[in-house]
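Residue numbers (this note's numbering): 1 to 149. In what follows, a structure is listed as structure tokens, so that the remarks can point back to it.
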């Protein structure tokens with residue numbers, strides 16, 4: 001959920017009910033076992049790995065790592081730490097596969113976004129109504145008579 005709401009959640013400390021209700025969390029069962037590189041392993045640093053792989057604003061670095069892992073012939077994805085969640089262990093998976101939608105089984109018990117937020121200890125609120133907010137005009141600045149020389 002933190003990845004879904006990202007900067008808005010960090011900035012506001014909550015998500016709106018509308019945003020949460022428009023979200024759904026599903027478990028994905030991958031139809032075949034895959035060997036994944038653990039980018040959070042203690043010895044990952046020996047290969048030049050940093051948390052940058054999950055925090056880059058563009059995808060050049062993660063794609064270069066993906067190509068290197070794929071090139072080993074062993075790895076079909078990576079386990080990594082997402083940028084909006086803290087902790088020492090990986091909490092996400094990126095799989096190397098053909099782009100686009102796959103014919104994998106769907107989750108029959110997907111979790112609603114509001115419930116998922118509550119479980120993740122993310123505050124869900126309705127925005128305040130017009131009568132609950134007092135709009136204050138911005139302060140005016142007084143011009144002082146300043147002699148220019």
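Glycine included, every Cβ here is placed at the ideal spot set by N, Cα and C.
Euclidean distance between Cα positions of residue i and residue j
{"i": "residue 117", "j": "residue 133", "result": "25 Å"}
{"i": "residue 48", "j": "residue 71", "result": "16 Å"}
{"i": "residue 81", "j": "residue 127", "result": "31 Å"}
{"i": "residue 95", "j": "residue 77", "result": "4 Å"}
{"i": "residue 50", "j": "residue 68", "result": "15 Å"}
Identity of the residue in the options nearest residue i by Cα
{"i": "residue 22", "options": "111, 64, 29", "result": "111"}
{"i": "residue 31", "options": "37, 76, 105", "result": "105"}
{"i": "residue 87", "options": "40, 119, 130", "result": "40"}
{"i": "residue 3", "options": "92, 53, 65, 136", "result": "92"}
{"i": "residue 121", "options": "135, 85, 73", "result": "85"}
{"i": "residue 15", "options": "123, 129, 66", "result": "123"}
Residue i, enclosing alpha helix (DSSP H) - first and last residue
{"i": "residue 9", "result": "2-12"}
{"i": "residue 71", "result": "60-71"}
Where the beta strand (DSSP E) containing residue i begins and where it ends
{"i": "residue 19", "result": "First-last for residue 19: 17-21, but that is the alpha helix (DSSP H), not the beta strand (DSSP E)."}
{"i": "residue 110", "result": "That residue, residue 110, is in no beta strand (DSSP E); it is neither H nor E in DSSP."}
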